[in-house]
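**Q** Pasting a structure below so you can have a look.
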Amino acid sequence: MALHNPGSSLPSAMAMVGEQWVLVEMVQALYEAPAYHLILEGILILWIIRLLFSKTYKLQERSDLTAKEKEELIEEWQPEPLVPPVSKDHPALNYNIVSGPPGHKIVVNGKECINFASFNFLGLLDNSRVKEAALASLKKYGVGTCGPRGFYGTFDVHLELEERLAKFMETEEAIIYSYGFATIASAIPAYSKRGDIIFVDRAACFAIQKGLQASRSDIKVFEHNDIAHLEYLLKEQEIEDQKNPRKARVTRRFIVVEGLYMNTGSICPLPELVKLKYKYKARIFLEESLSFGVLGEHGRGVTEHFGINIDDIDLISANMENSLASIGGFCCGRSFVIDHQRLSGQGYCFSASLPPLLAAAAIEALNIMEENPDIFQVLRKKCKQIHKALQGTYGLRVVGESFSPAFHLQLEESTGSRENDIKLLQRIVDQCMNRNIALTQAHYLEKEEKSLPPPSIRIVVTVEQTDKELDKAASTIKEAAQSILN
Amino acid sequence: MANPGGGTVCNGKLHNHQKQSNGSQSGNHKRNRIIRETQQNAKPYFYNKPFVESFEEVPMYAAIFTYLCYGIGTLFGYLRDFLRNHGIEKCSMAVERKEQKDFVPLYQDFENFYKRNIYMRIRDNWNRPICSVPGPTFDVMERVSDDYNWTFKFTGRIIQDVINVGSYNYLGFAENSNESLTTVRNVLKKYGVGMCSSRQEMGNTDKHEELEELVAQFLGVEAAMVFGMGFATNSMNIPALVGKGCLILSDELNHTSIILGARLSKATIRTFKHNNMQSLEKLLREAVIYGQPRSRRAWKKILILVEGIYSMEGSIVRLPEIIALKKKYKAYLYLDEAHSIGSLGPRGQGVVDYFGMDPYDVDVLMGTFTKSFGAAGGYIAGRKDLVDYLRVYSHGAVYATSMSAPIAEQTIRSMKSLMGLDGTTNGIQRIRQLAQNTRYFRNRLNEMGFIIYGNQESPVIPLLLYLPSKVAS
């Protein structure tokens with residue numbers, strides 16, 4: 001009716017009137033509706049309101065267990081025993097008892113033998129100068145440090161040892177740990193976290209495996225000393241990276257290898273590894289427990305052996321329990337890398353520091369190593385000698401480099417079961433012990449190792465063994481093998 | 001933390017939270033009466049002496065100032081980072097090699113933010129080198145920094161006779177007097193320092209056997225096994241005891257070594273609130289009734305990991321309650337007595353002795369020799385079958401070097417002294433003196449108005465300073 005009139009107020013007024021009219025119609029319709037319809041609608045509305053306010057319930061909740069049933073479950077539950085029983089004649093249960101120092105002439109189970117089992121490569125365990133230095137330190141500092149490095153557990157001896165190690169290895173900085181096992185097991189997780197990638201050799205030792213496990217990174221295992229396989233894995237990773245460049249830019253890569261492998265006695269191909277490092281941008285962590293104080297012209301390890309610039313290796317970790325005949329471990333490298341461990345290395349920050357007498361012993365051992373650089377040559381000569389002498393042993397093959405002071409004798413033909421192999425080797429070891437040659441089998445945790453090496457006898461060569469003793473050992477082993485394995 | 005000089009004097013309220021102990025509330029005399037009653041009724045009692053722990057609340061203004069302090073520090077940190085990145089400020093940090101500039105960076109920028117900006121400014125407090133035996137007083141090497149703590153130089157001077165409240169030398173066995181160290185000297189001369197082999201191979205000497213027998217005798221258990229490092233004792237043995245399919249209930253404030261051992265074991269880990277028995281019981285009930293999370297299978301075993309004294313809070317574990325819980329729910333208890341062995345209890349035998357409980361109730365007794373005995377290393381003790389199992393399957397027995405002989409001898413001599421086997425009452429005197437000193441020091445600090453945490457009897461006293469700048473001064 002009033003549509004053609006200009007003015008804005010009119011259409012809105014029209015709308016309001018229209019609305020009112022619709023509302024009136026609604027109310028009217030309400031009055032006119034049949035009763036049952038109204039009642040039904042009312043009930044429906046009330047039902048909706050009730051549903052909206054009622055408690056929700058989860059389908060899976062076990063609220064169906066009554067308190068009585070819960071008590072019954074608690075009564076019935078039987079856990080496994082804390083430890084499974086170990087049979088009395090388990091081979092690893094009865095330890096050899098060494099009375100006296102585990103030096104060159106060792107008294108095992110009452111018998112005096114020549115020691116071919118302790119990692120005393122440079123014979124410094126019994127050295128009088130080392131003992132004197134330890135005694136002097138004992139007089140000054142007592143025995144323990146009673147605190148971690150952060151809380152007054154840092155002694156000037158520790159600082160001196162770190163400086164000396166850094167100078168000896170020709171790196172910027174070194175950091176010492178109070179236990180050899182904890183060294184590499186704390187160093188790896190300090191740098192490599194969840195999401196990073198680590199390429200590790202299959203024959204890596206147990207401490208490295210624990211470090212890898214603690215780091216929660218992606219582990220890619222390459223076959224022992226197989227550079228082609230490592231390159232293949234690295235290439236594979238590169239292709240993955242190209243698919244996701246953003247992720248690749250923050251994923252760190254590490255290659256973890258050992259200088260001389262404890263489990264196989266072989267050396268890692270370091271020059272090729274360094275080439276791969278620069279090609280695929282991965283950092284190298286080198287574990288030199290067996291090669292520190294053994295390889296190289298001055299005993300600096302596998303980098304000196306191959307003539308590689310030590311700055312090419314990001315981190316070198318070694319324990320002082322082999323050549324230096326002390327306790328503990330150290331890591332060395334550039335300050336940029338090593339300094340991080342002072343706040344992130346768990347075995348460094350949260351553990352008491354190395355007792356000063358052990359540190360003083362290590363410093364004196366370093367002094368001896370620096371003063372007599374020809375012992376390394378002598379050691380390597382002895383290794384080669386016995387290595388050659390043991391070739392051709394009946395039923396046993398020699399596994400390891402000829403210049404490696406710790407090598408293995410494995411059965412050429414396994415009996416089929418690991419347990420029997422171990423028993424057989426133990427008989428050889430026992431017979432050698434009876435003839436005054438102290439040997440040991442290489443012990444492993446069978447269920448925990450990632451790739452279990454075959455059972456073997458581990459032979460360790462030290463500088464203190466004379467030629468006659470080496471010959472005697474070789475002939476004893478050969479005879480024992482001949483008589484037992486025949 | 002050392003050097004409590006110059007802290008804030010607090011006027012805050014002292015809530016002496018006498019934590020729930022069998023339902024009794026405030027009032028010592030009332031508590032004792034209740035306990036005595038239950039004793040008469042021959043019902044199991046929990047505590048035969050008052051268990052007083054206080055964790056005082058921080059006063060409001062201190063909390064505000066602390067947050068403000070950290071906030072300002074963070075802002076300045078961002079500012080300095082910005083200046084450093086643009087070359088306006090000189091960067092004294094070590095940098096990556098030129099040849100490796102295009103590698104993925106070794107540290108994420110933010111990881112090191114705290115270290116670069118906040119830690120560096122006050123890091124003079126930590127890692128201070130000393131050059132004498134860490135006895136009641138020691139000599140600290142003086143060091144100065146010209147460039148705001150980025151590098152330190154030693155002036156060559158030594159600050160002598162500084163009172164030592166920082167080293168964990170509870171019983172004073174860190175000493176270098178000639179007569180007390182005679183046996184250690186002899187052992188060193190005979191055995192040398194190193195061991196060069198693991199326990200299972202050629203590293204087990206008669207000294208180790210002697211020490212293990214002595215530890216077992218000291219603790220009143222069947223057998224014990226020793227390891228070369230306390231930290232590694234936890235991280236190497238917890239994985240040997242539990243594995244996949246087992247449940248670990250660990251206190252939320254446990255030490256890093258325990259957490260590392262638990263993680264390496266691949267068992268499921270659940271944490272309960274610190275020293276809170278209701279939380280622990282709730283977790284235990286849930287675990288036993290409902291089993292593993294998705295498969296609902298029963299857990300293979302449940303292991304409760306607690307410490308005797310918690311080194312950062314100074315609180316003592318509620319051992320009687322935990323033992324009652326573990327017996328009811330058939331769980332196993334692993335007690336780490338790193339700080340409490342030798343320092344608690346009338347005979348120094350640790351928290352088990354302090355509460356007067358039976359050592360066989362605790363399934364695995366673990367401890368270290370570093371703190372009360374002035375040596376190094378750790379032990380695990382318990383029933384013979386437990387120790388036999390560890391001799392065969394522990395990571396430390398197979399792969400790690402055994403303890404050094406002179407260190408073992410130091411432990412032997414201090415333990416003999418504590419047990420009175422050396423013919424003197426020296427050991428008992430030390431224990432009594434420690435308890436007296438603890439009470440005196442705590443009372444005095446309370447009188448002076450400091451906020452300290454922890455149990456009344458615990459020799460570890462955390463003294464709270466709150467503001468990071470106060471810590472530096």
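Heads up: the protein sequence lines correspond to chains A and B, in order.
Under UniProt numbering, the first residue of the first sequence is numbered 1, with each subsequent residue one higher.
Under UniProt numbering, the first residue of the second sequence is numbered 1, with each subsequent residue one higher.
Even for Gly, the Cβ is constructed at its ideal location relative to N, Cα and C.
Would you report the Cα separation of A/A33 and A/L46, rounded to the nearest angstrom?
**A** In the first sequence, the residue the question calls residue 33 of chain A occupies position 33. In the first sequence, the residue the question calls residue 46 of chain A occupies position 46. Distance between the alpha carbons of A/A33 and A/L46 is about 19 Å.
**Q** Would you decide whether A/I208 is buried or exposed? Buried here means 16 or more other CB atoms lie within 10 Å of its CB.
**A** Taking the first residue of the first sequence as position 1, residue 208 of chain A is located at position 208. Answer is buried; the Cβ neighbour count reaches 16.
**Q** Do B/G348 and B/I431 come within 7 Å of each other at the CB atom, strictly closer than that value?
**A** Residue numbering aside, residue 431 of chain B sits at position 431 when the second sequence is read from its first letter. Residue numbering aside, residue 348 of chain B sits at position 348 when the second sequence is read from its first letter. It is a contact, given that the beta carbons lie within the stated cut-off.
**Q** Any C-beta of chain B sitting closer than 7 Å to the C-beta of A/Y152?
**A** In the first sequence, counting from the first residue as 1, residue 152 of chain A sits at position 152. At least one chain B Cβ lies under 7 Å of A/Y152.
**Q** Only counting the same chain, and skipping five residues up and downstream in sequence, which positions put a Cβ closer than 6 Å to that of A/S137?
**A** Start at 1 with the first residue of the first sequence, and residue 137 of chain A comes out as number 137. For A/S137, where only same-chain residues beyond five positions count, the Cβ hits under 6 Å are P356, L357 and A360.
**Q** Curious, which full-length alpha helix (DSSP H) runs of at least 4 residues does the stretch 253–305 of chain A contain?
**A** Within the stretch 253–305 of chain A, the complete alpha helix (DSSP H) runs of at least 4 residues are 270–280.
**Q** Any C-beta of chain B sitting closer than 7 Å to the C-beta of A/A406?
**A** As a working mapping, residue 406 of chain A is identified with position 406 in the first sequence. Answer no: the Cβ-Cβ gap between A/A406 and chain B never drops below 7 Å.
**Q** So, at 7 Å on beta carbons, what are the nonlocal neighbours of A/R418 in its own chain, with the 5 sequence-adjacent residues on each side left out?
**A** Here residue 418 of chain A refers to the residue found at position 418 of the first sequence. Excluding sequence neighbours, A/R418 sits near P455.
**Q** Select from B/Y170, B/W150, B/Y148 and B/T151 the residue whose C-alpha is nearest the C-alpha of B/I461.
**A** As a working mapping, residue 461 of chain B is identified with position 461 in the second sequence. It is B/Y170.
**Q** Closer than 7 Å, Cβ to any Cβ of chain A: which residues of the stretch 368–389 of chain B, in chain order?
**A** So the close ones are T370, K371, G374, A375, A376, D385, L386, D388 and Y389.
**Q** Are the Cβ atoms of A/S118 and B/C196 separated by less than 7 Å?
**A** Position 118 of the first sequence, counting from 1, holds the residue named residue 118 of chain A. Position 196 of the second sequence, counting from 1, holds the residue named residue 196 of chain B. Contact: yes.
**Q** Using CA coordinates, which residue listed in B/S372, B/K330, B/V317 and B/L467 is at the minimum distance from B/I341?
**A** For the purposes of this step, residue 341 of chain B is identified with residue 341 of the second sequence, where counting begins at 1. The residue with the shortest Cα to Cα distance from B/I341 is B/S372.
**Q** So what does DSSP say about B/E222, is it helix, strand or coil?
**A** Position 222 of the second sequence holds residue 222 of chain B. Coil at B/E222, not helix or strand.
**Q** If we ignore side chains and look at the alpha-carbon of each, how far apart do B/V317 and B/L219 end up?
**A** To locate residue 317 of chain B, count along the second sequence from 1; it is residue 317. To locate residue 219 of chain B, count along the second sequence from 1; it is residue 219. Cα-Cα distance, rounded: 18 Å.
**Q** Since B/N443 is in the beta strand (DSSP E), which residue starts that stretch and which ends it?
**A** By 1-based counting over the second sequence, the position of residue 443 of chain B is 443. No beta strand (DSSP E) contains B/N443, which is instead part of the alpha helix (DSSP H) from N426 to M448.
**Q** Taking B/M93 as the reference, give the member of B/W150, B/T438 and B/T233 with the closest Cα.
**A** Position 93 of the second sequence, counted from the start, is the residue given in the question as residue 93 of chain B. Among B/W150, B/T438 and B/T233, the Cα nearest to that of B/M93 belongs to B/W150.
**Q** Determine the direct distance from the alpha carbon of A/F222 to that of A/S266, and round the result to whole angstroms.
**A** Residue numbering aside, residue 266 of chain A sits at position 266 when the first sequence is read from its first letter. Residue numbering aside, residue 222 of chain A sits at position 222 when the first sequence is read from its first letter. Their Cα atoms are separated by approximately 15 Å.
**Q** Show which residues of chain B have a CB atom less than 9 Å away from the CB atom of A/D311.
**A** By one-based count along the first sequence, residue 311 of chain A stands at place 311. Near A/D311 (Cβ distances below 9 Å), the residues of chain B are R97 and E99.
**Q** Taking only beta-carbon atoms, is B/S295 less than 7 Å away from chain A?
**A** For the purposes of this step, residue 295 of chain B is identified with residue 295 of the second sequence, where counting begins at 1. Closer than 7 Å: no.
**Q** Just to check my reading of the structure: A/F254 and A/A214 have Cβ atoms closer than 8 Å, yes? What is that Cβ distance to the nearest angstrom?
**A** Taking the first sequence and counting its residues from 1, the one referred to as residue 254 of chain A is at position 254. Taking the first sequence and counting its residues from 1, the one referred to as residue 214 of chain A is at position 214. Contact doesn't hold; Cβ gap of about 14 Å is too wide.
**Q** What residues are listed by DSSP as bridge partners for A/P148?
**A** Counting from one through the first sequence, the residue named residue 148 of chain A turns up at place 148. DSSP lists A/A352 as partners of A/P148.
**Q** Can you list, in chain order, the residues of its chain with a C-beta nearer than 8 Å to that of A/N486? Leave out the 5 residues immediately preceding and following it.
**A** Taking the first residue of the first sequence as position 1, residue 486 of chain A is located at position 486. Excluding positions up to five away in sequence, the list reads Y394 and G395.
**Q** Quick one, which of A/K450, A/E448, A/N434 and A/D421 has its alpha-carbon nearest A/Q441's?
**A** Counted from its first residue, the first sequence places residue 441 of chain A at position 441. Per the Cα distances, A/D421.
**Q** Using alpha carbons as the reference points, say which of A/P102, A/G345, A/N309 and A/P269 lies closest to A/E321.
**A** Locating residue 321 of chain A in the first sequence gives position 321, where the first residue counts as 1. It is A/P102 whose Cα lies nearest to the Cα of A/E321.
**Q** Is it buried or exposed, B/M448, if we count other Cβ atoms within 10 angstroms and call 16 or more buried?
**A** Within the second sequence, the letter at position 448 stands for residue 448 of chain B. Exposed is the call here.
**Q** Give the interface partners of A/H443 over in chain B, defined as CB-CB distance under 9 Å, in chain order.
**A** The sequence position of residue 443 of chain A within the first sequence is 443, counting from 1. Chain B residues near A/H443: S198, Q200, E201, A397, V398 and Y399.
**Q** When you compare each of B/K327, B/T368, B/G87 and B/D385 to residue 477 of chain B by their alpha carbons, which one comes out closest?
**A** Missing from the structure shown is residue 477 of chain B; chain B here goes from 1 to 473 and no further.
**Q** Check B/I130 in the structure and name its three-state DSSP category.
**A** Position 130 of the second sequence, counting from 1, holds the residue named residue 130 of chain B. In the structure shown, B/I130 sits in a strand (DSSP, three-state: E or B).
**Q** Taking B/M141 as the query, report the chain A residues whose CB atoms sit under 8 Å from its CB, ordered along the chain.
**A** As a working mapping, residue 141 of chain B is identified with position 141 in the second sequence. The contacting residues are D156.
**Q** Counting only beta-carbon atoms, is B/D161 nearer than 7 Å to chain A?
**A** For this step, residue 161 of chain B is matched to residue 161 along the second sequence. B/D161 does not count as touching chain A.
**Q** In terms of DSSP beta bridges, what is A/E173 paired with?
**A** If you number the first sequence from 1, residue 173 of chain A lands on position 173. According to DSSP, which records beta bridges pairwise, A/E173 is partnered with A/G333.
**Q** Pairs of beta-carbons, one from the stretch 351–358 of chain B and one from the stretch 383–401 of chain B, closer than 8 Å: are there three or more?
**A** No contact exists between the stretch 351–358 of chain B and the stretch 383–401 of chain B.
**Q** I want to see whether chain B comes within less than 7 Å of A/L44, judged by CB atoms only; does it?
**A** Taking the first residue of the first sequence as 1, we reach residue 44 of chain A at position 44. Answer no: the Cβ-Cβ gap between A/L44 and chain B never drops below 7 Å.
**Q** Let me check understanding here. Comparing Cα to Cα, which of B/F450, B/A408 and B/S167 lies closest to A/T145?
**A** Residue mapping note: residue 145 of chain A aligns to position 145 of the first sequence, counting from 1. With distances taken between Cα atoms, A/T145 lies closest to B/S167.
**Q** Under DSSP, the alpha helix (DSSP H) around B/D124 begins and ends at which residues?
**A** Taking the second sequence and counting its residues from 1, one reaches residue 124 of chain B at position 124. Element bounds for B/D124: n/a, residue is neither H nor E.
**Q** Just curious, the beta strand (DSSP E) that B/Y334 is in, first and last residue?
**A** One-based indexing of the second sequence puts residue 334 of chain B at position 334. Looking at the DSSP string, the run of the beta strand (DSSP E) that includes B/Y334 is Y332 to D336.
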